[in-house]
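If you read the protein sequences in the order shown, they are chains A and B. The first sequence begins at 119 in my numbering and counts up one residue at a time. The second sequence begins at 178 in my numbering and counts up one residue at a time. Where a beta carbon is used, it is the ideal one built from N, C-alpha and C, also for glycine. A short write-up of the structure that comes next.
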Amino acid sequence: MNTSYLIIVLCLLGCLGATIPVFMSLFFTSILGFVYFTDMPIMMLAQTLFRSMDNFALVVVLFFILCGNIMTAGSIVDKLIKVANAVVGFFPGGLAMAGILACGMFGAISGSTVATVVAIGGFMIPALMENQYDEKFSVGIMTTAPILGVIIPPSISMILYSMVSNDSLAALFMTGFVPGFMIIVAMSLYSYFYCRNRNFKRSPAPTFKELIAVLKNGFWALMLPVLIFGGIFSGVFTANEAAVVACVYAFVVELFIHRDMKFNKVKDVVVSSAVTSATLLIIVAGATAFGRYLTLEQIPAQIADAVVSQVHSAWAFLLIVNIMLLIVGMFMDIISATLILAPILLPILPEYGINSLHFGLLMTVNLGIGYCTPPLGVSLYITGALVNRGLIYVSKAVMPFLAIQIVILLILTYWPDLVLFLPRFFYGQ
Amino acid sequence: MIAKSFKTIDRIFSFFEEWTIFIAVMVGLISLFVNVVLRYTIHYSLAWSEELIREIIIYTTFIGCSAAIKNRSMIRIDALPQIVPSLKKALDYFSHFCTLGYSVLMCILGWQMAALQVETQQSTIILGIPLVILYAILPLMGGMMFIRTIMAMWEDFTGQQVDK
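What follows is the structure in C-alpha cells.
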C-alpha cells in the first residue's frame, strides 16, 4: 500500500479516536488529502460540503426523525405496549414478548435504535421487574430487542445507505421485514423457554371485548405504519412524501385525537428533531467531502482489486466483512460507519456477485448489533443507567440475546433469497 | 461579568436558532404536504416546493450544528476517554480546539464562496434567491460555532453552565 494512503487512514483514525466530531474528522482528513496529495483547491471541498446538502432526498431523514419524536412526545409508547401486551401477554414470558413486539411496532414508526431503547426500554424494564422477572433477563432483552428500530423500516441507516448505493429506498426497506420478523420470533421463543419453568407473573388472557377495547385505543397509533408502508409500497407516495404525510398525521393524532401533546411542546419537538437530523446530515456532508477525495485518488477501486486478489470466494468475503463490521460496530455508530464504509465496500460487491440490497441489509443488522456489543455499545450504557448497573453486568446480561442475533445475521448472510424474495416479488429486483 | 455576557449571547443565539429552525421546518412541512394534496386533488404541483425544501435542509443542517454544540450532541466516537478516563479532559479541550479551527475555516472558505457568488450574480433557478444568501450560511455557521465552542470551553473550565 502507498504511504500516502497510510497517512490518510492514520489521520482519519487519529481524528476519530481523539473524539473530534465525526464529520470534522472526515473533513480534516479530506483537507489533508487534497492539500498534500492532489492539486485541487480546498475551496472545492467547502463547495462539496454545501452542495451535498442540496439534495431533496435528505428530507426523508429530517421528517422520519420528526415523526418518531412527535409520537414519543405523545402517548403512543404507552398504547403500543398495551396492544402488545394484550396480544402476547398471557403466554409464559408474555410480558417479555410484549416488550419485544412493542420494539418491533415502535421500529415501524421510528428509524433509530437509541430512540427505541429510551422509549420502550425505559418503560418495560421496570414493568418486567415489577412482575418478578429477574433483572438480568429484563435488562438483557430490553437492551437487545431495540435493534428492531433500525431493521424494521423506516430506518435512518437504510436511507443513507440507499443514497450511497443508489438502490431504490422502497426496495431496501422491503428487505427489513423478514429479518425483523425473525428476530421477534427467535427472541420471543427464547423468552418462552426461559420463563416457562420460572414463576413469573402472567397476565390472564384478555377477553375478546378487552382485546377490541385495547386495539381501539391503539388504533390511531397502529395506523401510522400502515399509512407509511401502504403509501410507499403501493406507490401512492414516494418515501419523501410518506415521511411528510406521516408527520402531519402524527401531529393531527397527537394534538387533536389523543390530545397528549400540548401546543407549546410543538416547537421543542420540531427543534430537537431538526438538531438531531443536523448532527446526522452533517456527517453526510463530511462523508461526501471524504468520498470526493477517495474517488479522485480511485481508492475504492484499488481496495477492490486488492481484496479480490486475496479473497477468492463470496462466502469468505462476507465472513470477513461481517467480522470487520462487528468490530467496527463496537466503536462507531451505525450512521458514521455506513457512510464511511459503504462507498469503500460497494465497488467490491459486483466482483462476488453480491446484491447491494442484500449487503445493505447485512450492514444494517450487523452495525445495529454493534449498539449492544461491549465495550462501547450505546444501548448498554442507556439500560445500565436505567437500572444503576455497571457495564460488566449489562454485558453479561445481553450475551444470550447477542448470540441469537449473530446466528440470525449468519443465516441472513448465507441465505440471500430469504432477504431478497420480498423486494423481488414486489419490485422484480 | 463573563458569565453574564455569555448568558446574554446564549439567549440571543438560542432564540435565533430555535425560531428560525422551527419556522423553516414548519414551512417546509406544510409546503410539501400541500404539494401532495394538490397533486392528488387537482393534479397540480408546486414547482418551488422542492427547491424551497432543499434550501431549508441546508439551513437547518448548518445552523442546527451550532445548536448541537451547545447540547453537546455532535456525533463523535468516545471510545478512548471511556477506556482511559484520565484522558477525557485533555481530549475534550483538543476536540474543542479542532472545532474552533473548523469554524475559522468555514468562515474563511464560506466568505470566499459567498464573495464569488456576488461576482457572478447567481441565483436559484425557480425562487430566484441570490446564491450569496445561501452561501452566507457557511460563514454564519462558522461564527456561531466558534462562539458556542468558546462558551462550551468556558463551561468545562469553570464547571458552570452558560444558561443557568
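- Item | Nearest candidate by alpha-carbon position, reference B/ALA201, set A/LEU509, A/GLY229, A/VAL389 | A/VAL389
- Three-state secondary structure (DSSP) at A/PRO159? coil
- Task: Keeping to the same chain, check which residues put their C-beta closer than 6 Å to that of B/MET321; ignore five residues upstream and five downstream.
- Result: SER243
- Fully enclosed by the segment 423-476 of chain A, which alpha helix (DSSP H) runs are 4 residues long or longer? 432-449, 452-463, 467-470
- Message: On a Cα-Cα basis, can you pick out the residue from B/ILE219, B/LEU286, B/ASN248 that is closest to A/LEU163?
- Response: B/LEU286
- Item | Per-residue contacts from B/THR276 into chain A (C-beta, under 9 Å) | ILE138, PRO139, MET142
- Query: In chain order, what residues of the segment 233-263 of chain B put their CB closer than 8 Å to some CB of chain A?
  - Reply: ILE234, ILE235, THR237, THR238, PHE239, ILE240, GLY241, CYS242, ALA244, ALA245, ASN248, SER250, MET251, ILE252, ARG253, ILE254, ASP255, ALA256, LEU257, PRO258, GLN259, ILE260
- Enumerated in chain order, which unbroken segments of the alpha helix (DSSP H) with a length of 4 residues or greater are wholly contained in the segment 173-257 of chain A? 177-191, 194-206, 212-225, 231-234, 240-248
- B/GLY287 touches chain C at which residues, Cβ-Cβ below 7 Å? No chain C appears in this structure, whose protein chains are A and B.
- Would you report the Cα separation of A/PHE544 and B/ARG249, rounded to the nearest angstrom? 43 Å
- Message: Assuming B/LEU268 and A/THR137 are in contact, meaning their beta carbons sit under 8 Å apart, how far apart are those beta carbons, in whole angstroms?
- Response: 5 Å
- Are the segment 217-226 of chain A and the segment 254-265 of chain A touching by the rule of at least three beta carbon pairs closer than 8 Å? yes
- Message: Quick check: what's the CA-CA separation for A/LEU290 versus A/ILE529?
- Response: 18 Å
- Message: List, in chain order, every chain B residue whose beta-carbon is nearer than 7 Å to that of A/ALA263.
- Response: The contacting residues do not exist; A/ALA263 stays about 23 Å from chain B at best.
- Query: Which one of A/MET161, A/SER148, A/LEU180, A/ILE188 has the shortest CA to CA distance from A/GLU372?
  - Reply: A/ILE188
- Own chain residues within Cβ distance below 6 Å of A/PHE155, not counting five before or after: SER122
- Message: Determine, for A/PHE168, whether the minimum Cβ-Cβ distance to residues of chain B falls below 8 Å.
- Response: yes
- Task: Assign B/SER300 to one of three DSSP states: helix, strand, or coil.
- Result: strand
- Residues of the segment 384-396 of chain A whose Cβ lies closer than 9 Å to any Cβ of chain B, in chain order: VAL384, LYS385, ASP386, VAL388, VAL389, SER390, SER391, ALA392, VAL393, THR394, SER395, ALA396
- Who are the near neighbours of A/ALA357 in its chain, counting only those whose CB is closer than 7 Å to its CB and skipping five residues on each side? VAL178, LEU287, ALA288, ILE350
- Closer than 8 Å at the beta carbon, the chain A residues around B/MET290: MET161, ALA164, GLN165, PHE168
- Message: Using beta carbons (cut-off 8 Å, strictly below), is B/SER272 in contact with chain A?
- Response: yes
- Is the beta carbon of A/GLY207 sitting closer than 8 Å to the one on A/PRO272? no
- Task: Indicate whether at least one CB of chain A lies closer than 8 Å to the CB of B/VAL339.
- Result: no
- Which bits of chain B does A/VAL366 rub up against, with CB to CB less than 8 Å? LEU206, PHE210
- Task: Give me the Cα-Cα distance between A/GLY294 and B/SER191, rounded to the nearest whole angstrom.
- Result: 39 Å
- Query: What is the residue span of the alpha helix (DSSP H) that A/LEU490 lies within?
  - Reply: What sits at residue 490 of chain A in the sequence shown is Cys, not Leu. No alpha helix (DSSP H) holds A/CYS490; DSSP gives it neither H nor E.
- Task: Could you check the C-alpha separation between B/THR238 and A/GLY212 for me, to the nearest Å?
- Result: 43 Å
- Message: Please identify, using Cβ separations under 9 Å, the residues of the segment 300-331 of chain B that lie next to chain A, in order along the chain.
- Response: LEU311, TYR312, ILE314, LEU315
- Give the interface partners of A/ASN173 over in chain B, defined as CB-CB distance under 9 Å, in chain order. ARG231, ILE234
- Could you work out which residues of chain B lie near A/GLY135, taking near to mean beta carbons separated by less than 8 Å? ILE254, ALA256, LEU257
- Query: Counting Cβ pairs, one atom from each stretch, are 3 or more of them under 8 Å apart for the segment 446-463 of chain A and the segment 249-259 of chain A?
  - Reply: no
- Item | Residues that B/PRO307 bridges to, as DSSP identifies them | B/SER300
- Task: Starting from the Cα of A/ALA361, find the closest Cα among A/CYS185, A/ILE466, A/LEU130, A/MET142 and give me that residue.
- Result: A/CYS185
- Item | 8 Å contact criterion, which B/LEU229 and B/LEU304 should meet: CB distance rounded | 7 Å
- Query: Between the C-alpha atoms of A/LEU150 and B/ILE324, what's the straight-line distance to the nearest angstrom?
  - Reply: 25 Å
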